[in-house]
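*Asks:*
Chains as they are written, first to last, in our numbering: chain A, 3 to 298; chain B, 8 to 312.
(1) Return the residues of the region 242–260 of chain B that lie within a Cβ-Cβ distance of less than 9 Å from chain A, sorted by chain order.
(2) Residue 33 (chain B) touches chain A at which residues, Cβ-Cβ below 8 Å?
(3) Residues of the region 210–237 of chain A with a CB closer than 8 Å to any CB of chain B: list them in chain order, please.
(4) Nearest by alpha-carbon distance to residue 180 (chain B): which of B:137, B:121 and B:259 is it?
(5) What's the gap between the Cα of residue 157 (chain A) and the Cα of residue 272 (chain A)?
(6) Exposed or buried, which one is residue 251 (chain B) when buried takes at least 16 other CB atoms within 10 Å?
(7) Does DSSP classify residue 80 (chain A) as helix, strand or coil?
(8) Quick one: which chain A residues come within Cβ less than 9 Å of residue 225 (chain B)?
(9) Around the Cβ of residue 44 (chain A), are there at least 16 other Cβ atoms within 10 angstroms (buried) or fewer (exposed)?
(10) Return the bridge partner residues of residue 85 (chain B) from the DSSP annotation.
(11) My assumption, with CB atoms under 8 Å, is that residue 254 (chain B) sits in contact with residue 233 (chain A). Please give the rounded CB distance.
(12) Hey, out of A:284, A:76 and A:170, whose CA is closest to residue 52 (chain A)'s CA?
(13) Taking the runs of the alpha helix (DSSP H) that are 4 residues or longer, which of them lie wholly in the region 56–135 of chain A?
(14) Distance, Cα to Cα, residue 32 (chain A) vs residue 155 (chain A)?
(15) Would you say residue 96 (chain B) faces chain A, with C-beta separation under 8 Å as the test?
(16) I'd like the list of long-range same chain contacts for residue 210 (chain B), defined as Cβ closer than 8 Å, with 5 residues on each side in sequence excluded.
(17) Beta-carbon of residue 291 (chain B) versus every beta-carbon of chain A: anything under 8 Å?
(18) Measure the C-alpha to C-alpha separation of residue 33 (chain B) and residue 233 (chain B) and round it to an integer number of angstroms.
(19) Comparing the C-beta of residue 172 (chain B) with each C-beta of chain A, is any distance below 8 Å?
(20) Can you tell me which of B:132, B:128, B:268 and B:176 puts its alpha carbon nearest to the alpha carbon of residue 206 (chain B)?
(21) Using 10 angstroms around the beta-carbon of residue 285 (chain A), count the other beta-carbons present and answer buried if the total reaches 16, otherwise exposed.
(22) Kindly list, in the order they appear in chain B, the residues whose Cβ is closer than 8 Å to that of residue 65 (chain A).
(23) Based on Cα-Cα distance, which residue from A:87, A:78, A:83 and A:106 lies nearest to residue 220 (chain A)?
(24) Residue 250 (chain A): which of A:94, A:171 and A:130 sits nearest, CA to CA?
(25) So what does DSSP say about residue 144 (chain B), is it helix, strand or coil?
(26) Strictly below 8 Å CB to CB, what residues from chain B border residue 79 (chain A)?
(27) Which residues in the same chain as residue 93 (chain B) place their Cβ atom closer than 6 Å to its Cβ, once the five residues preceding and following it in sequence are excluded?
(28) Pull out every residue of the region 272–286 of chain A whose Cβ sits closer than 9 Å to any Cβ of chain B, in chain order.
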């Protein structure tokens, strides 16, 4: 991922390539938003102020400590079981990152592969794949997600599967379209005339030309995936305890909405920061690589 | 045109059949219904009897055909929770869902277009920046959280609107606005870029030269062309409104199909889940046919072949 961002920052020709001009080209807002989330997700357990699972009935439902003049002990307050909200928000980053990243990557692998094969060989395989895409797209994504997670049972693996199943169609469509046009280009026709096997043509000649679009789709979908994960855990169909999920924290806060505003506010802001960062990054990559994808 | 409609309907029919297959598989995967329906001390014979009664002893493809045949007749089985036909329950909730979804969709279109067009006209000015940042943030907020924030601020803090349930217009404002915000943002962003494209074209200059009022140039000449990609997007946003409607209905305890489905998921009332998802998908498919036909009205260049 980081490689793609750097590569595309450097891609812009016509200017002198000093370190500073490259830094200026980076999507700074997106990086500023996403980096803290990534750090929390990967290293969060090293610097959480409290154990996110530690129950402490004496300290239940404390408002953010700086508001009560109690210094920095519980900056985001505590929940109904006395657990530190800040620590739980930090811990929640992990599930979100793992689930949405894995989901989007698996969806990408399936979608790109099927899209490539469908477009390159055409025929009945193409028809069947595109029919499945059409059919799946006629069920609103959230409903499909609800249906799948009901039948597979809640859990981390299920959420990953849900994201993979709901999102692969977009890649398949984009990849198919791109492949159809790359297929006509001279170097592919030449390779075929020279007798290269289909597998080699797909891997060496077509894949490198469509991967940029697939990356843009992936980044644009990352935000949607985070949102879907949050929605599923809000409904109780996401990752299960002891894993912390932001959506689940918000769901639990509904009982205390009249008295404890800090319970829903902070996990929600965490979701917003993550999605906003992912969307900004996606927009930036799209404008770089593939302005055609504007409507995706 | 007539031929196109027939072809389009045939394709949609295939979609409906596909959807029914997906729903059937999903529900079959979710485990043995008889375990849920019978008490723990039930005998083996009771299970066998119930399985035969429900047709579960037949091969899976036969079960699917029976499911389709019955579904076509409007029979999705009985709700185990309410002991009433599932479709009847779902249809009973349809008005509430349609009311909320259409209200949200209307708000999304009106405010999305208004803010997008304004933003394009004031390109580079503070108002444009405000709309763009607002749209970015609006697209980044999960609807259930936004709903809770509305409840927190509008209902709990200031006591202006009721928090939940269905009643007069006052009950509908918060859920509808919550549901529409994501789509407002999406429509606004696309409208802005489409309008900026169109406003730079020759025929707009021509219209201005011949002395059209600015309002007429923008809202009639320019918007009509800018609207074509927006219609595509609006069709896609409908999936958002229907899909996320499920969650928003849950947040605001809005007695629609979405809330019914979510409740049914947790009480393992599969007949209701099947009927609800099928009905919402069919509605979505029908509306998309409408969107496709709308292109022809907006853009006479499009010929249906």
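For each residue, glycine too, the CB sits at the ideal point set by N, CA and C.
*Replies:* Taking the coordinates as given:
(1) 243, 245, 246, 247, 248, 249, 250, 251, 252, 253, 254, 257 and 258
(2) 149, 150, 152 and 153
(3) 225, 229, 232, 233, 236 and 237
(4) B:259
(5) 21 Å
(6) buried
(7) strand
(8) Residues of chain A passing the Cβ test: none, with the nearest at roughly 22 Å.
(9) exposed
(10) B:92
(11) 5 Å
(12) A:76
(13) 87–123
(14) 34 Å
(15) no
(16) 228
(17) yes
(18) 41 Å
(19) no
(20) B:128
(21) buried
(22) None at all; the shortest Cβ gap to chain B is about 14 Å.
(23) A:106
(24) A:94
(25) helix
(26) Those within 8 Å of residue 79 (chain A) in chain B number zero; the least Cβ separation is about 14 Å.
(27) 83, 84, 86, 278, 279 and 282
(28) 273, 274, 275, 276, 277, 278, 279, 280, 281, 282 and 285
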